[in-house]
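> The working numbering puts the first residue of the sequence shown at 14, with every later residue one more than the last. Once you've had a glance at the structure underneath, I'll fire off some questions.
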Amino acid sequence: MAVEKQRGGVPAVATWEYASAPESREIVSFKERYGIFVGGEEVAPRSRSWFTTVSPATEEPLAEVAQAGPKDVELAVDAARDAFEPWSAWKPAERAKVLFRIARVLQERSRELAVAESLDGGKPIKESRDVDLPLAAAHFFYYAGWADKLEYAFPNRRPRPLGVAAQIVPWNFPLLMLAWKIAPALACGNTVVLKPAETTPLTALLFADVCRQAQVPPGVVNIVTGDGETGAHLVRSPGIDKVAFTGSTEVGKAIQRELAGRGIPLTLELGGKAANVVFEDAALDQAVEGIVNGIYFNQGHVCCAGSRLLVQESIHDQLVRKLKRRMATLRLGDPLDKNTDIGAINSRAQLDRITELVASGSEEGAEIYQPPCRLPEKGWWFAPTVFTNVAQSHRIAREEIFGPVLSVLTFRTPDEAVEKANNTMYGLSAGVWTEKGSRILWMADRLRAGVVWGNTFNRFDPASPFGGYKESGFGREGGRHGLEAYLRFS
Ligand code: NAD
Numbered sequence: 014m015a016v017e018k019q020r021g022g023v024p025a026v027a028t029w030e031y032a033s034a035p036e037s038r039e040i041v042s043f044k045e046r047y048g049i050f051v052g053g054e055e056v057a058p059r060s061r062s063w064f065t066t067v068s069p070a071t072e073e074p075l076a077e078v079a080q081a082g083p084k085d086v087e088l089a090v091d092a093a094r095d096a097f098e099p100w101s102a103w104k105p106a107e108r109a110k111v112l113f114r115i116a117r118v119l120q121e122r123s124r125e126l127a128v129a130e131s132l133d134g135g136k137p138i139k140e141s142r143d144v145d146l147p148l149a150a151a152h153f154f155y156y157a158g159w160a161d162k163l164e165y166a167f168p169n170r171r172p173r174p175l176g177v178a179a180q181i182v183p184w185n186f187p188l189l190m191l192a193w194k195i196a197p198a199l200a201c202g203n204t205v206v207l208k209p210a211e212t213t214p215l216t217a218l219l220f221a222d223v224c225r226q227a228q229v230p231p232g233v234v235n236i237v238t239g240d241g242e243t244g245a246h247l248v249r250s251p252g253i254d255k256v257a258f259t260g261s262t263e264v265g266k267a268i269q270r271e272l273a274g275r276g277i278p279l280t281l282e283l284g285g286k287a288a289n290v291v292f293e294d295a296a297l298d299q300a301v302e303g304i305v306n307g308i309y310f311n312q313g314h315v316c317c318a319g320s321r322l323l324v325q326e327s328i329h330d331q332l333v334r335k336l337k338r339r340m341a342t343l344r345l346g347d348p349l350d351k352n353t354d355i356g357a358i359n360s361r362a363q364l365d366r367i368t369e370l371v372a373s374g375s376e377e378g379a380e381i382y383q384p385p386c387r388l389p390e391k392g393w394w395f396a397p398t399v400f401t402n403v404a405q406s407h408r409i410a411r412e413e414i415f416g417p418v419l420s421v422l423t424f425r426t427p428d429e430a431v432e433k434a435n436n437t438m439y440g441l442s443a444g445v446w447t448e449k450g451s452r453i454l455w456m457a458d459r460l461r462a463g464v465v466w467g468n469t470f471n472r473f474d475p476a477s478p479f480g481g482y483k484e485s486g487f488g489r490e491g492g493r494h495g496l497e498a499y500l501r502f503s
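Given below as structure tokens:
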């Protein structure tokens, strides 16, 4: 055991070395090259174009993936169109069985898929293993249960599927976002064309194999890989009946403009700048765990990350001291090591964005703290960071950083906390820490956020709806509400 001196007047903490506990990467094998998944088969892209997906932790190439062009997208949409009539005519209970099978195969292959997710995306294995995979399976289990109960979910409204759903997902929770999209769509009798993000396509491609194993009828699930251009082709396709998008607010707005006047229902799950509000009566050690989970989980690549910490002034110094001490215990490094708390930043572009915003924080006068931590030489990394003395006008208090960077602001009264928490263009989530249940409810009534967590943060359950206010988007995923986005009523 060694005693390490901390910077910034923070008390010294005792540290000891962990032996590494790497998960085996042998459990997953990638092909050298992947085509697109159309009509139940992998086919070479008509575009004859591929790109390489790499591990952000080592920059090692993992596989070549198709850059689907307009013809590839049309092929996938046509396959989904052809499959729609027969699939929607299936007995709902039979459709449910398909979803149950997918859920079970996800569970059976969860170790393999978790390793794939961590390799391709850089997130710690303990998160992909304990959060992404169990939740992805839970979403399929949950929506399997609704497939033959839609008439009960929406009594007297004659729910019917929409048709072909175009679904576009980001890179922060690749398989989980896929599950959020595909599970409700299939449960309602739609067929889908899904496009994963360009930096994390591999678990979606492995999911194609899960579909084959689960005997999903050909054409019900189609997967096209590629960058934003591929996504734009998909949104422009005349053969789609619905668009579900999760990603940045900027692209969400572009998609909304593209769909204007076409009568195609749209759901948008966009960015966030959540307030995590700590009152002076809160259990501070628990709050510190919630703050750490809120912003350093998945390197802060979380749309609902608690990136603005609002602390009641009377406990500011004490809380910040505790927080810094806890930050010094976070372990950054190999995503496949089971001890790792903070993995790699997903891409060089994202690292550049985080670096630029953090520099602006210091330039605008906020005070930065990073615990001593050695960053690996290869790959893309960013140390856990907290800024104190942050003003509401600072960019780090207004813009989504999407990295392991926390901005601390203070308040004196509950009204001021509400005002500051709502002072953002976003409205996805918020957290409230207090020992008074009535105060949590009082705050939840006033916070303009789709989800408000009380004395916890980043809690997800497939039965609970999730979605935004303001520029965080519209529509809900999860729960009974999540079905509505894939149905029409008459
Ligand atoms: P992004 O908007 O750049 O990309 C998201 C997806 O859209 C990718 O698959 C990308 O290839 C595709 N895309 C890009 N341009 C497109 C276009 N013109 N037309 C169609 N598709 C296009 O976002 P990102 O950087 O991958 O993800 C980070 C963002 O996602 C953050 O803002 C985060 O808050 C948000 N996010 C939101 C939620 C939520 O549920 N609200 C969940 C996860 C991530």
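For each residue, glycine too, the CB sits at the ideal point set by N, CA and C.
Taking the runs of the beta strand (DSSP E) that are 3 residues or longer, which of them lie wholly in the region 276–345?
279–282, 288–291 and 321–325
> Answer yes if the region 108–126 comes into contact with the region 143–151, meaning at least three C-beta pairs across the two stretches below 8 Å, and no otherwise.
By the C-beta criterion, the region 143–151 is judged to be in contact with the region 108–126, since at least 3 inter-stretch pairs fall below 8 Å.
> The ligand NAD heavy atoms versus the CB of residue 485: any closer than 7 Å?
yes
> State the DSSP-derived secondary structure class of residue 58, mapped to helix, strand or coil.
Judged by DSSP in its simplified three-state form, residue 58 adopts coil rather than helix or strand.
> Go through its chain and collect everything with a Cβ distance to residue 114's Cβ below 6 Å, but skip five positions before and after it.
Excluding residues within five positions, the ones whose Cβ falls inside 6 Å are 227.
> So, with DSSP's three-state summary, where would you put residue 30?
coil
> By DSSP, does residue 18 sit in helix, in strand, or in coil?
Here residue 18 scores only 48 on pLDDT, less than 50, and its place in the model should not be relied on; the value that follows carries that caveat. Residue 18: coil per DSSP, three-state reduction.
> For the ligand NAD, any of its heavy atoms closer than 7 Å to the Cβ of residue 7?
Beyond the ends of the chain as shown, which are 14 and 503, falls residue 7; an answer cannot be given.
> State the Cα-Cα distance for the pair residue 199 and residue 112, rounded to the nearest angstrom.
8 Å
> When the Cα of residue 142 is compared with those of 494, 188 and 240, which residue comes out closest?
188
> Excluding sequence positions up to five away, which residues of its chain have a Cβ less than 7 Å from the Cβ of residue 214?
66, 78 and 238
> Would you identify the three-state DSSP class for residue 35, choosing helix, strand or coil?
strand
> If I'm right that residue 82 touches residue 101 with Cβ under 8 Å, what's the distance once you round it to whole angstroms?
With a Cβ gap of about 29 Å, residue 82 and residue 101 do not count as contacting.
> Between the region 458–469 and the region 355–366, are three or more C-beta pairs nearer than 8 Å?
no
> Comparing the CB of residue 259 with every heavy atom of the ligand NAD, is any distance shorter than 7 Å?
yes
> Buried or exposed, going by whether 16 or more other CB atoms sit within 10 Å of the CB of residue 136?
buried
> Which class does residue 455 belong to by DSSP, given the choice of helix, strand or coil?
helix
> Would you mind stating whether residue 293 and residue 269 have Cβ atoms separated by less than 8 Å?
In this structure, residue 269 does not lie closer than 8 Å to residue 293 by Cβ.
> In angstroms with no decimal places, state the Cα-to-Cα distance between residue 499 and residue 297.
Note on geometry: alpha-carbon atoms of residue 499 and residue 297 lie some 42 Å from one another.
> What is the rounded straight-line gap between the Cα of residue 420 and the Cα of residue 48?
43 Å
> Ordered along the chain, which non-local residues of its own chain (more than five positions away) have a Cβ less than 8 Å from that of residue 96?
Counting only Cβ-Cβ distances below 8 Å, and skipping sequence neighbours, we find 52, 204, 230, 231, 232 and 233.
> Taking only the alpha-carbon atoms, compute the straight-line gap between residue 413 and residue 306 and give it to the nearest angstrom.
Answer to the nearest angstrom: the Cα atoms are 17 Å apart.
> Could you give the C-beta distance for residue 235 and residue 92, rounded to a whole number, given that I count them as a contact under 8 Å?
5 Å
> Quick one: Cα of residue 74 to Cα of residue 36, how far?
Approximately 19 Å, taken between the alpha carbons.
> Shortest alpha-carbon distance to residue 219 belongs to which of 432, 384 and 125?
Nearest C-alpha to residue 219 among 432, 384 and 125: 125.
> Quick check: residue 313 and residue 417, are their CB atoms within less than 8 Å of each other?
Yes; because the gap between Cβ atoms is below 8 Å, this pair is in contact.
> What did DSSP end up calling residue 173 once you bin it into helix, strand or coil?
strand
> Would a C-beta distance cut-off of 8 Å place residue 131 and residue 356 closer than the cut-off?
yes
> Any chance the region 282–292 sits against the region 362–373, with 3 or more Cβ pairs inside 8 Å?
No, they do not touch.
> Given residue 246, which residues of its chain have a CB within under 6 Å of its CB, disregarding the five upstream and five downstream residues?
Hits under 6 Å: 83 and 86.
> Enumerate in chain order the residues of its own chain whose CB-to-CB distance from residue 261 is below 7 Å, with the five nearest sequence positions on each side excluded.
Here residue 261 has 283 and 284 as same chain residues with Cβ atoms under 7 Å from its own Cβ, once five neighbours each way along the sequence are excluded.
> Would you say the beta carbon of residue 140 is closer than 7 Å to some non-hydrogen atom of the ligand NAD?
Flag unset: Cβ of residue 140 not near the ligand NAD.
> Per DSSP, which residues does residue 468 bridge with? Please list them.
Answer is none; residue 468 lacks a bridge partner.
> Output the distance between the C-alpha atoms of residue 462 and residue 479, rounded to the nearest integer angstrom.
10 Å
> Report whether the distance from the Cβ of residue 149 to the nearest heavy atom of the ligand NAD is below 7 Å.
no
> If you check the beta carbons only, do residue 491 and residue 503 fall under 8 Å apart?
no
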